[in-house]
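One structure below.
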């Protein structure tokens, strides 16, 4: 169980913005953080939910973010599928016909052993971020070429 820690005199919108201004869409995220904090305090007794359904009730928390929280904070076998995981899993042939991130998530968690799901998420994400990039994959340095459908077809 993870409890939300907060100051009794809550942070202002400006204070939150200053912490996250280098992130993408800081204005939207500032609003999400304020509303999420209020909901955690009012509806969840300051405890970060440990299930997908309640996490997604928090403003700004979608399925991907909820799965990250479940995986990292609660050590649950949850697969967060972002654009990197979606792309890499398709290119290396872990998924084939899946057209959505939800279909991809379901396929990956079906075949990846539970104890490896969280680690697999991070490995796929990093592979997509630094090697198997969207526009220009760096196949020359990739260690997965012998298994990669994308490499073998090109």
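Residue numbers (my numbering): 139 to 292. We put the beta carbon where it would ideally sit given N, CA and C, even for glycine. Keep in mind it's a predicted model, so treat the numbers as computed, not measured.
Inter-residue spacing [alpha-carbon to alpha-carbon] between residue i and residue j
i	j	result
residue 157	residue 175	15 Å
residue 159	residue 196	21 Å
residue 239	residue 219	6 Å
residue 194	residue 278	40 Å
residue 242	residue 187	24 Å
residue 145	residue 181	In this prediction, residue 145 scores a pLDDT of 49, lower than 50, which makes its location untrustworthy; the coordinate-derived value is nonetheless stated afterwards. Whole-angstrom Cα-Cα distance: 18 Å.
residue 237	residue 245	11 Å
residue 235	residue 228	8 Å
residue 275	residue 232	17 Å
Range of the contiguous alpha helix (DSSP H) that encloses residue i
i	result
residue 247	239-249
residue 180	164-181
Three-state secondary structure (DSSP) of residue i
i	result
residue 158	helix
residue 207	helix
residue 288	helix
residue 230	coil
residue 269	coil
residue 255	helix
residue 187	coil
residue 283	helix
residue 195	coil
For residue i, the nearest candidate out of the options (CA to CA)
i	options	result
residue 224	280, 261, 165, 189	261
residue 221	163, 273, 291	273
residue 212	280, 232, 190	190
residue 270	184, 254, 288, 194	288
Proximity of residue i and residue j at Cβ, strictly below 9 Å
i	j	result
residue 169	residue 151	yes
residue 230	residue 286	yes
residue 154	residue 172	yes
residue 226	residue 266	yes
Short CB-CB distance (under 9 Å) between residue i and chain C
i	result
residue 255	The chain labelled as chain C is not found in the depicted structure, where only one protein chain is given.
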